[in-house]
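Using this note's numbering, the letters of the sequence shown map in sequence onto residues 33 to 250.
We put the beta carbon where it would ideally sit given N, CA and C, even for glycine.
Predicted model only: the values in this text are computed from it and were never measured.
Below is one structure, written out as structure tokens; comments come after it.
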Amino acid sequence: MTIHKEGYKSIAIAVLLFSIINLLSFYFLSYSLPILSWLIFLITAAMLVLVVSFFRIPKRVHTIAENSIIAPADGKVVVVEEVQADEYFKDRRIQVSIFMSPLNVHVNRNPVSADVVYSEYHPGKYLVAWHPKSSTENERHSVVYRKDGKEILVKQIAGALAKRICNYLKPGINVKQGEEMGFIKFGSRVDLLLPLDAKINVKIGDKPKGGVTVIATW
Numbered sequence: 033m034t035i036h037k038e039g040y041k042s043i044a045i046a047v048l049l050f051s052i053i054n055l056l057s058f059y060f061l062s063y064s065l066p067i068l069s070w071l072i073f074l075i076t077a078a079m080l081v082l083v084v085s086f087f088r089i090p091k092r093v094h095t096i097a098e099n100s101i102i103a104p105a106d107g108k109v110v111v112v113e114e115v116q117a118d119e120y121f122k123d124r125r126i127q128v129s130i131f132m133s134p135l136n137v138h139v140n141r142n143p144v145s146a147d148v149v150y151s152e153y154h155p156g157k158y159l160v161a162w163h164p165k166s167s168t169e170n171e172r173h174s175v176v177y178r179k180d181g182k183e184i185l186v187k188q189i190a191g192a193l194a195k196r197i198c199n200y201l202k203p204g205i206n207v208k209q210g211e212e213m214g215f216i217k218f219g220s221r222v223d224l225l226l227p228l229d230a231k232i233n234v235k236i237g238d239k240p241k242g243g244v245t246v247i248a249t250w
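Rendered as structure tokens:
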């Protein structure tokens with residue numbers, strides 16, 4: 033396991049903040065209230081472990097499959113339905129949405145090997161990620177991949193906690209399946225908009241692993 037570069041600053045701030053809290057705690061409480069002082073230490077230590085875990089990158093063998101669309105993120109499938117696309121596409125699509133909790137791995141990965149033809153950031157609200165309007169009203173970054181004349185859209189969506197989306201893709205580049213496309217700090221949601229003829233391999237409630245689980249084939 034390694035730590036993602038997006039976490040360096042947050043972890044450094046957490047270490048500094050928790051160190052100050054514990055220094056003050058031991059200085060003022062170690063004699064009068066030693067149990068409280070140790071309790072503060074244990075709580076801040078647990079919080080630091082949690083912050084570090086937000087930015088973990090576990091070692092995995094990623095799925096490479098020519099006709100498969102793999103999960104761009106860890107999490108839980110919360111939507112599988114046909115929708116009318118309102119960005120880039122003007123047709124109907126199958127939407128698969130993956131909710132990322134604060135405990136999930138937050139790295140986002142390319143679902144296919146393809147050309148990037150669209151990459152657009154949209155400022156917006158910070159509704160909870162499972163809100164029906166979060167896909168269209170929240171801060172988000174959309175990427176369209178084109179392969180063999182077929183296109184899919186991946187949308188990184190910020191939520192109530194996740195208020196920073198990182199995306200590393202630009203139109204005109206070619207990317208490989210399973211490689212990193214971005215990062216959403218502290219979780220949230222990722223939507224995929226797939227062609228209607230894609231064969232969906234997941235259902236609501238499934239817990240895919242980013243870069244590993246096959247979401248659909250086409």
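Could you please give the first and the last residue of the uninterrupted beta strand (DSSP E) stretch that includes residue i?
i: Lys108; result: Lys108 to Gln116
i: Met213; result: Glu212 to Ile216
i: Ser129; result: Arg124 to Met132
i: Asn199; result: Ile197 to Asn199
i: Arg141; result: Val139 to Arg141
Return the Cβ separation of residue i and residue j in integer angstroms, given the expectation that the two are a contact with Cβ distance under 8 Å.
i: Gly210; j: Ile96; result: 6 Å
i: Ser133; j: Pro203; result: Ser133 to Pro203, Cβ: 31 Å. No contact.
i: Ile184; j: Val144; result: 7 Å
i: Phe50; j: Met79; result: 7 Å
i: Asn170; j: Gly156; result: 5 Å
In terms of DSSP beta bridges, what is residue i paired with?
i: Lys179; result: Lys182
i: Asp147; result: Arg178 and Asn206
i: Phe230; result: Here the sequence assigns Ala to residue 230, which means Phe is not the residue at that position. Bridge partners of Ala230: none, in fact.
i: Ser100; result: Thr249
i: Leu225; result: Gln127 and Leu185
i: His154; result: Arg172
Is the beta carbon of residue j closer than 9 Å to that of residue i?
i: Gly242; j: Val137; result: yes
i: Asp238; j: Thr245; result: yes
i: Pro104; j: Met33; result: no
i: Val148; j: Leu201; result: yes
i: His173; j: Lys187; result: yes
i: Lys217; j: Ile197; result: yes
i: Tyr153; j: Gly191; result: no
i: Ile53; j: Ile72; result: yes
i: Val112; j: Val234; result: yes
i: Ile126; j: Ala44; result: no
Within the continuous alpha helix (DSSP H) that includes residue i, where are the two ends?
i: Phe60; result: Tyr40 to Leu61
i: Met79; result: Pro66 to Phe86
Are the region 117-128 and the region 222-232 touching, with three or more C-beta to C-beta distances below 8 Å? yes
Indicate whether the contact test is met: 3 or more Cβ pairs, each with one atom in the region 37-53 and one in the region 68-83, closer than 8 Å. yes
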